[in-house]
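Everything on this sheet refers to the single structure shown next.
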Amino acid sequence: MSVKSWVRFGLVLAVPCVMVLASCAGKTGGTDLAEQEMAEQLRQEEEAARLAAEEEARKAEEARIAAERLEREKAEARKKAEAKAAFLEQHVHFEFDSFALTSEAMKVLDAKVAWLRNNPEVKIIVEGHCDERGTREYNLALGDRRARSVKQYLVDSGIADARIATISYGEERPLDPAQNEAAWAKNRRAQFVIR
Amino acid sequence: MKKKIWSYATVFVMIFGLLIVFPGPSSSMDEVPIIDIHAPFLRKIPIAIPAFVLAGEQEALLDAGEKGLEYFAGAVDFSGYFMVQSAHDTPGFPGLDGIVASKIDFSLWKKQGVELLASIGLVLAGDGQLEMECRLFDVVQESLVVGKRYRGPVSDYRRMFRLFASEVLFQVTGRQGLYESRLAFVSDTTGHKEIYICDYDGTGVRQITKDQSIALSPAWSSDGNWLAYTSYREGNPDLFIRHLDGGRGFHVSKPGLNVTPAWVPGAFQLAATLSFEGHQNIYLLTGQGKVIKKLTHSWDIDVSPAFSPDGKQMAFVSRRSGSPQIYVKDMESGRVQRLTYEGNYNTSPAFSPDGRHLAFVGMRRGEGINIYRMDLDGQRVVQLTQNSRDNEDPTWSPDGSLIAFTSSREGVFNLYVMTAYGTDQRRLLSMPGGQTTPRWSLKPVRFE
């Protein structure tokens, strides 16, 4: 038997003895025993309180970690949503009667390529649009060329051909119906839609 | 005003609509001032349209006569080639004692300042049919230009007046077909762009498509029975070829564009721009929508085909030189020739019905978008619209007398009409929303 076991054995014997002693001593030296008992109780209560506090702290910590994780997840989701929104809302703009990609347009398209790489399951439609100047019929063809030149850039950047469809709306769907240079510039665009 | 004018019995037995030409002096044709569409200026011919003359007390014809005369005066005026003086809008306008030359006081009409005079007599035949006897006189020469008699149910009075208006216009322009024609156009009245048709004067509007999508570019077949157009009904800009009675038809849905249809004159075939092969080229299709062959072979945009009336030439817009310009392809030799050199933007070609002119749209810096007319022999160009914002989509009436077009001169795009000279520019019709792309029906010919 180890020392610990002996101590435990001793305690097993000692506790009933103390109890017997205490009951016998009830009438003689009771005060000392009661004090000891109270101290013991106090100690136990303190111990319980300490354990409870520890438990609470642990739970709080867990909650904090969970909240942080949620926050992180939310932030990630928000970032993802923002990236998606940017993908859908940032348009590729063109000069009048042109389907050539400007350096600005290519910058916008590079961001689209990155997003498409991060979202390999997504299939898209590239819409070609024109401003209201010029002729309606010619603008249908110009919108087609704009959508196709954007698609070509994406394919050349490694995005699978099969993921990209194109459509021309000519001048039929302006973003801004006003008749001024700012509105026309806004309306000459390629716009992305998720299929 | 109701005088007995029928000095001789009207014993013609005619089926409805049939007409008989009076034996007028054969030389009279030469004396009528035939309007030359090639002349640089248009002089309107003053014409008197006095009240009609009734044979006997025939109250039953009063209503038809009055409404008919109003319609007739309006139709003659609509052509833009006449200065109309009529009993309908001039109170106290001189009347007629009779409709034949011997009953007409030409000096009175000369004083009135007119060069032509239309006399119209109505009689209710024994069988209840309406008989209309109409004459056009040359007031200066005091001679009969043409006489016609029409017969049919009273309820068809409008048609008879229309036939005579057609005759009057024919006498001065040498061509017919305006008053029988219709226009197809696009309107967004319902909130969606749909195809509509109307009569030559903008009346009788009827909605053709109900796709609730975007419908564009209506094109009449040369027999007048089919319309081809583009619709986004199924998502993509597809071509629809539709019979106007019953709506049966065909659907062309190649990947990419299926746009800007134009029928081949006298055939159940059409040209249209398709982009399924990657470039926007013009293809020849059967009326059922099957590709027959490729008509243009460009690496850049080719769009808006338009055939000459004999079908031997096809004008189209191409960006092959770096800006949209009008080209013409000889269908037999395949040779392509560029027609426009002025400015960086020339589109929407439309051959005149005699094949001698081309109307088109040009954009010039500081001048907006305007309609021009090119004489194909000599390629002289005349500007037909100016100082009126955007003017697009020219289309010739089947007699070549008028050009309908779209203009934003009053804000939103609406339909307008002018003479082939650019005179008499006015709204064609008034309906809610915007209207674009008028296409005049052709003088009907049967398919070969």
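One line per chain: the protein sequences are U and H, in this order. Residue numbering for the first sequence follows the UniProt record's numbering, starting at 1 and increasing by one per position. Residue numbering for the second sequence follows the UniProt record's numbering, starting at 1 and increasing by one per position. Think of the CB as a built atom: it goes at the ideal place given N, C-alpha and C, for glycine as much as any other residue.
Asp105/H and Ala315/H have their C-alpha atoms roughly 52 Å apart. In this structure Glu115/H is buried. Its beta-carbon is surrounded by 16 or more other beta-carbon atoms within 10 angstroms. Distance check between Ile214/H and each of Gln435/H, Pro444/H, Arg439/H and Val445/H places Gln435/H closest, using alpha-carbon atoms only.
Taking C-beta separations shorter than 7 Å and ignoring five residues to either side along the sequence, the partners of Ser304/H in its chain run Thr260, Phe316, Val317, Thr347, Ser348 and Pro349, following chain order. DSSP, reduced to helix, strand and coil, places Thr406/H within a strand of the structure shown. For Val172/H, the three-state secondary structure derived from DSSP is helix.
A Cβ of chain U is located within less than 7 Å of the beta carbon of Leu257/H. When CB distances to chain U are screened at a threshold of 8 Å, the residues of the stretch 196-224 of chain H falling below it are Ile214, Leu216 and Ser217, in chain order. Within chain H, the C-beta atoms nearer than 7 Å to that of Thr135/U come from Thr347, Ser348, Val361 and Glu392, in chain order.
With at least 16 other beta carbons inside 10 angstroms of its own, Lys148/H counts as buried. Cβ-Cβ distances below 8 Å link Glu181/U to nothing in the same chain once the five nearest sequence neighbours on each side are left out. The criterion of a C-beta distance shorter than 7 Å is not satisfied by Leu136/H and Val123/H. If you draw a straight line from the Cα of Val108/U to the Cα of His279/H, it is about 25 Å long.
By the C-beta criterion, the stretch 93-107 of chain H is judged not to be in contact with the stretch 196-205 of chain H, since fewer than 3 inter-stretch pairs fall below 8 Å. Taking the Cβ atoms as the reference, Thr385/H lies roughly 14 Å from Pro438/H, outside the contact range of under 8 Å. For Asp144/U, a Cβ of chain H is located within less than 7 Å of the residue's own Cβ.
Assignment of beta-bridge partners to Asp330/H by DSSP yields Gln313/H. Taking CB atoms only, Glu172/U has a neighbour in chain H less than 7 Å away.
Among the CB atoms of chain H, one or more fall inside 7 Å of the CB of Tyr138/U. Between the alpha carbons of Val193/U and Asp238/H lies a gap of roughly 20 Å. When CB distances to chain U are screened at a threshold of 9 Å, the residues of the stretch 289-322 of chain H falling below it are Asp300, Ile301, Asp302, Val303, Ser304, Val317 and Arg319, in chain order. When C-beta distances to chain U are compared with 9 Å, the residues of the stretch 235-248 of chain H below that value are Gly235, Asn236 and Pro237, in chain order. Here the alpha carbon of Lys123/U sits roughly 12 Å from the alpha carbon of Trp115/U. Annotation: Gln325/H has no Cβ neighbours in chain U at a cutoff of 7 Å; minimum Cβ distance is about 11 Å. Per DSSP, reduced to three states, the secondary structure at Lys193/H is strand. Interface annotation, Ala141/U: in contact with chain H, CB-CB separation under 7 Å.
Cβ proximity to chain U below 8 Å picks out Thr436 and Thr437 from the stretch 420-439 of chain H. In the three-state reduction of the DSSP assignment, Glu46/U falls in the helix class.
In the DSSP secondary-structure assignment, His91/U is not bridged to any residue.
Contact between Val417/H and Arg409/H does not hold, since the beta-carbon distance rounds to 13 Å and is not under 8 Å. Burial check for Glu132/U: the Cβ neighbour count within 10 Å reaches 16 or more, so the residue is buried. Among the residues of chain U, those whose CB is under 8 Å from the CB of Gln280/H are Ala141, Asp144 and Arg145, following chain order. In the displayed model, Trp299/H falls within coil according to three-state DSSP, outside both helix and strand. Between Leu442/H and Ser222/H, the gap from beta carbon to beta carbon is short of 7 Å. The stretch 88-97 of chain H makes no contact with the stretch 156-170 of chain H, as fewer than three CB pairs between them are under 8 Å. When Leu429/H, Glu342/H, Met431/H and Ser352/H are compared, the shortest CA-CA separation from Ile403/H is found for Ser352/H.
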